[in-house]
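Shown next, in structure tokens, is the structure this report addresses.
Number of protein chains: 2
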Amino acid sequence: MEFESFLVSLGTSCVLFVVLMFLFTWLSRKPGNAVVYYPNRILKGMDPWEGRSLTRNPFAWIRESLSSSEQDVITMSGVDTAVYFVFLGTVLGILVLSGVILLPVLLPLAATDDGIKKITDSTSNGTFSQLDNLSMGNISKSSPRLWAFLAAVYWISVVTYFLLWKAYQHVSELRAQALMASEVKPEQFAILARDLPPPPSGQTQKEFVDSYFREIYPETFYRSLVVTENSKANKISEELEGYEKKLARTEAIYAETKKRPTNKIGFLGLVGEQVDSIDYYTEKIDEMVRKLEEEQKSTLREKQQNAALVFFTNRVAAASAAQSLHCQTVDKWTVIEAPESRQIIWKNLNIKFFPRQIRQYVVYFIVALTILFYMIPITFISGITTLKNLQKILPFIKPIVNITFLRTILEAYLPQITLIVFLAMLPKLLLFLSKAEGIPSESHAQRAASGKYFYFSVLNVFIGVTISGTLFDTLKKVEKNPNSIISILATSLPRSATFFLTYVALKFFVGYGLELSRIVPLIIFHLKKKYLCKTEAEVKDAWFPGDLSYATRVPGDMLVLTITFCYSVIAPLIIPFGVTYFGLGWLILRNQALKVYVPSYESYGQMWPHIHTRILAALLLFQVTMFGYLGAKIFVYAVLVIPLIVITLIFAYVCSKKFYLAFKHTALEVACRELKETPNLEQVFRSYVPTCLSCHKPDDHQFEGALSRCQLTGSSAV
Amino acid sequence: MEFESFLVSLGTSCVLFVVLMFLFTWLSRKPGNAVVYYPNRILKGMDPWEGRSLTRNPFAWIRESLSSSEQDVITMSGVDTAVYFVFLGTVLGILVLSGVILLPVLLPLAATDDGIKKITDSTSNGTFSQLDNLSMGNISKSSPRLWAFLAAVYWISVVTYFLLWKAYQHVSELRAQALMASEVKPEQFAILARDLPPPPSGQTQKEFVDSYFREIYPETFYRSLVVTENSKANKISEELEGYEKKLARTEAIYAETKKRPTNKIGFLGLVGEQVDSIDYYTEKIDEMVRKLEEEQKSTLREKQQNAALVFFTNRVAAASAAQSLHCQTVDKWTVIEAPESRQIIWKNLNIKFFPRQIRQYVVYFIVALTILFYMIPITFISGITTLKNLQKILPFIKPIVNITFLRTILEAYLPQITLIVFLAMLPKLLLFLSKAEGIPSESHAQRAASGKYFYFSVLNVFIGVTISGTLFDTLKKVEKNPNSIISILATSLPRSATFFLTYVALKFFVGYGLELSRIVPLIIFHLKKKYLCKTEAEVKDAWFPGDLSYATRVPGDMLVLTITFCYSVIAPLIIPFGVTYFGLGWLILRNQALKVYVPSYESYGQMWPHIHTRILAALLLFQVTMFGYLGAKIFVYAVLVIPLIVITLIFAYVCSKKFYLAFKHTALEVACRELKETPNLEQVFRSYVPTCLSCHKPDDHQFEGALSRCQLTGSSAV
């Protein structure tokens, strides 16, 4: 890639971003778009423009993001989101502090060293000598100037340790404060007991569980809820809901057109008898309600599984119970803190102890295979997607490529776009695999998937792209001299510098531009609203924004961090790019968290230890790489990097010992804080009854009575 | 070594054993010796010869050992001892079941194979061809008969898995039963909290601890006992006890001689003023009691440390509290189950969380060094202590050696005795190192030392002796062809077979013979009684038997087991030796446990997981060795051993997952059983007050009042 095409790509990205930002300013002011740009505020019952209707400043959102406190984020979007911002802020801090020292020191040092020929150690595959002058490649071998680069490695490491320590302390406090809050949170009164042994004959599972826990906790045990296999009840419940929606829709049409709508009852509504829709759906709903009630009874009676939620009368009892060994045989009556009811993965609860272990190892094995074999197509793609290669393979594109402007754009973006598309396919697969491990909560599955994705992206994207660049360039050299991965990585890193500069720039300008402007959701919303939605509920479905889904954002951010870390000393110019990425990310996502996204679960910051470990893994990779690169520069004091590697490992060990357990369990000193009010335990219990098992008569004014009756009927299991 | 000298050594050992056994029968019948042969019964207030005075059968003790039930052992000597017998019984079972199949199958197979020259693969260093015929060395290379030996490896492994699984289940039940027993055990009501943060100003440590735990456990918290630095009080208390003993002794002399004894008060009673002893000691005791009281007050007030014992009103609360995370920062307020008061290592309680970690790793490092460097002297000794070498180094012993009988004895025993003496020096060092880790309880420190000693003995004795045999024999061969340790070990194993046969025989005949006859303690007791003891207390001190100290026995047994395992297929003749070792051990130690030794602590079988892991480690070593040896026999199906190795690892993993946690913590379903009586919590609490801090007036009839007063005075800390 030439310097020009690099600048062009940067320029176009930047212009695109500015355009998107102004688009956002303009669109977000229109009242009709409020549900797209302020859904979180609307759902929380707040005025979207509260106190802001007068400003016409296009940068108002930036001021609002900057002035919002952490407490605002927690109130609007939960602790998990706040922890994500601690991550962004910490990384931003690390990069800013690094850049402040590294840029003014290393760039002049590199630029003024002329002792080396430009051919051997280029920062790009082409003749991109402008950037070369500013990188470590420009330093002569064994030069005393390398001391400054070694010192830079130390500086970055120390800054990282310091800020990470602060961040861990801070997150730990955030978690403690959330857990000791005086509001009643149902999950703090419950534990999840799995691997229940079969009940002795003459006892139901429910009675067995009750007697077991009542004996151990005679005073604090409240009641239990045995998990049932309710896939059938679920299906009926969903069907019922579908009919209700259809009825509401039909009624809306009737109100609009004053003509009773009709439909055919055959396949897909295309064949069969023509009937009056309102009557038909009402009848169907009645039928479904009856079927559901029957199914509920038989589910509660016959489909009890070997897991149960156990409720306690106070938080300390529950927190303590979740941490204690209950059965002399460890693979029975295993307990964990109950996840929130909305994030329980019900179908995983029935999986037994050792099958869970086996599943876990099988999944690890499959993931390892995936990581190893994804490398092959990525290597192939990163080799193929240079224009020169494409021309050879697809000669017919030659005329297009010869147009200079198009050629420049293509050269700049083609490999990056391929990579991004390629990576977008993976998260779903990893989430599926993580759930197959038998993990009982959504947030945990997300964390597990996120962790796998991080190692995948670092191994495949970063190391893969870097080394495959070397492979295509100097295949013969490598074949003759199969060196260790470290030295290969170290020497081939500089050549991929511009690839990653462009990659990062693309991610922040285009990625965050699209994120802020919400063009796609906006268009989809307006189309749906105009042509499909008839009822209020349907309109709401059309604009409901979903989750910030930070678990899938983190691996992407971590990849950028890894890239920035690893190039920070070799080509310090990458630091401003990293700073922009995390700075813009912080600003824009803050806006989105406060106004747009609605969190779908809350894990009280349990993501943090994962993030922390992976930041340290990135730091370790950076240190190892620098050890190799300084060694390749024939700088004997490269060994001084080794103590840093040891310190990183010790730091990781100390942090995990000091903080981790409090993220796995709830500390009792935290759980023992007093509540604002006496908890309504019946309500706590009910929040865990699956929707399809609670009575389904939302329009019935005897709702309360119905639910009670329902529970009386099902009292053998609930 | 020649076959003759082997038989002679066996014969003399056996004769020695028989002599010792008859000596035991004769000596144990004399009433004056009862305190040496039946101290445990006497201390428990039972008649030593209850129902047995009439039998004159010298084997009566064998019948009694065999007929004693596990419950008897638990009653007389505790769960730990019962678990030790489960270990002996399990290993005996494994060896018997192995021998029953292996001996009749493998010995004829080996004896009838004549296809090989006797020179290359000898079972002894000399020309010991009689044993060769019965070992695997006699099988030709690639012979199909090797299938039987491969099958033998499978048979032993399967038997081991099966019996170990049964044993683990059984021990787990023993532990559960002991913990759910309806007697009040003080340690079940207490937890040990360490790493207490400094109290806020204006509060004492004691108040701080109380308020902390009272907030978390408003209903079940009873009181706390802050650990104090009482080395000074301890010293005074010991001095006081010394003076009391001297006073009692002086009074006894006075009663005997009717002459008031005098002594000099200067250095060692040799110089200084002559005083009346009774008056002097009485005065001294009064002074010490005063000093002790003052010191007690100041200790309780000023020397509070950052650890405390916290008492609860019921067992479930304590068991649950010991397993729960209390503080958001994991390195503060760490809790474990309280050890018994008699086994607390008080001076370790003050060591903080991270210093403990550091100490642990430092100790591991030192132990690793010890293991590596002890190998050098052992190698040296096992080379030097053959008579031929000794003659070269010490030519003056030649005349002695030339006496045939002496020569035979020396040749048979010299290397083994050296080895045993050498190994006897180590346990103290390892126990000291383990305590230096900061372990809070004696039993845990013993376990840790025992584990280290096992790895030491296997690495140094077994591998060391085997390989150094090779080194001295075929040093040049090894130098030219530095193969992997497995193949060296496998090929050199057969050469050391007779060394280990003799080693095992020596251990059981002489070791257990001395154990049973208790000649040494008997002689010491009679000497002391005759010449030193004046008072009842002194006589009791002279015969008090001490502990079975199974923790130091286990590594020795494990070494024998490792040897037997590894040779079981190569030279199946070792199996009867192993069976005799564990059979005799079981019999004799059962006798000793029931009648002699008094357990000094009880850990409810926490030793078992350690033993279990190490049996599996021995099995693994056996499998790896057999893989190497079968490979050395050019038997391609040797690879079939690899699945066994994998199975062993999986078996270890499954056992540890299924059972281990219940040995680390008390399962709540076990702790929740009802007690026979309402526990006297004051008594539970008092059992943890260190002797030097409880008021020291044993003769005072106002004892109860004194202790209460003492606690009132010290109530700020106790």
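Residue numbers (this note's numbering), protein chains in the order written: chain A, 740 to 1457; chain B, 740 to 1457.
Even for Gly, the Cβ is constructed at its ideal location relative to N, Cα and C.
Thinking C-beta only, is residue j closer than 8 Å to residue i?
i: residue 835(B); j: residue 824(B); result: no
i: residue 1264(A); j: residue 1347(A); result: no
i: residue 778(B); j: residue 1284(B); result: yes
i: residue 845(B); j: residue 1311(B); result: yes
i: residue 1307(B); j: residue 781(B); result: no
i: residue 1293(A); j: residue 1189(A); result: yes
i: residue 1067(A); j: residue 911(B); result: yes
What do you get for residue i, buried or exposed, if any count of 16 or more other CB atoms within 10 angstroms of its CB means buried?
i: residue 1411(A); result: buried
i: residue 1341(A); result: buried
i: residue 786(B); result: exposed
i: residue 862(A); result: With a pLDDT of 48 at residue 862(A), under the threshold of 50, the modelled position of that residue is not reliable, and no figure is offered here.
i: residue 720(A); result: The structure shown does not extend to residue 720(A), since chain A is modelled only from 740 to 1457, so the question has no answer here.
i: residue 1254(A); result: buried
i: residue 1305(A); result: buried
Quick check: what's the CA-CA separation for residue i versus residue j?
i: residue 1171(B); j: residue 1320(A); result: 56 Å
i: residue 747(B); j: residue 1107(B); result: 39 Å
i: residue 1424(A); j: residue 948(A); result: 16 Å
i: residue 927(A); j: residue 1060(B); result: 18 Å
i: residue 1432(B); j: residue 1035(B); result: 6 Å
i: residue 945(A); j: residue 965(A); result: 6 Å
i: residue 1184(B); j: residue 1167(B); result: 11 Å
i: residue 1244(A); j: residue 848(A); result: 25 Å
i: residue 1057(B); j: residue 1405(B); result: 9 Å
i: residue 1082(B); j: residue 956(A); result: 31 Å
i: residue 852(B); j: residue 877(B); result: 6 Å
i: residue 1286(A); j: residue 1096(A); result: 30 Å
i: residue 1248(B); j: residue 808(B); result: 25 Å
i: residue 765(A); j: residue 1267(A); result: 21 Å
i: residue 998(A); j: residue 1017(A); result: 11 Å
i: residue 1261(B); j: residue 1281(B); result: 10 Å
i: residue 1371(B); j: residue 1385(B); result: 21 Å
i: residue 1240(A); j: residue 1343(A); result: 35 Å
i: residue 968(A); j: residue 1052(A); result: 27 Å
With respect to the beta strand (DSSP E) encompassing residue i, which residues constitute its N-terminal and C-terminal limits?
i: residue 1076(A); result: 1073 to 1076
i: residue 1178(B); result: No beta strand (DSSP E) holds residue 1178(B); DSSP gives it neither H nor E.
i: residue 1088(B); result: Run containing residue 1088(B): none; DSSP gives neither H nor E here.
i: residue 1049(B); result: 1043 to 1051
i: residue 1003(A); result: 1001 to 1003
i: residue 1320(A); result: From DSSP, residue 1320(A) is part of no beta strand (DSSP E) but of the alpha helix (DSSP H) over 1313 to 1334.
Considering residue i, what are the terminal residues of the alpha helix (DSSP H) in which it resides?
i: residue 1375(A); result: Where residue 1375(A) is concerned, there is no enclosing alpha helix (DSSP H), given that its DSSP letter is neither H nor E.
i: residue 1014(A); result: Note, residue 1014(A): premise wrong, no alpha helix (DSSP H); beta strand (DSSP E) at 1013 to 1015.
i: residue 1264(B); result: 1258 to 1270
i: residue 1307(B); result: 1289 to 1307
i: residue 1399(B); result: Per DSSP, residue 1399(B) belongs to no alpha helix (DSSP H) and is neither H nor E.
**Report entry** Against chain B: residues of the region 954 to 981 of chain A by CB proximity under 7 Å
**Finding:** 954 and 955
**Report entry** the region 1406 to 1440 of chain B: positions lying closer than 7 Å to chain A by Cβ
**Finding:** 1406, 1407, 1408, 1409 and 1411
Report task. Give, in chain order, every residue of the region 1050 to 1076 of chain B whose Cβ lies closer than 8 Å to some Cβ of chain A. Result -> 1055, 1058, 1059, 1060, 1062, 1063, 1064, 1065, 1066, 1067, 1068, 1069, 1070 and 1072
Report task. Output, in sequence order along the chain, the residues in the region 890 to 924 of chain B whose CB is closer than 7 Å to any CB in chain A. Result -> 911 and 915
Query raised in the report: Listed from N- to C-terminal order along the chain, which residues in the region 1289 to 1304 of chain B have their beta-carbon within a distance smaller than 9 Å of any beta-carbon of chain A?
Result: none
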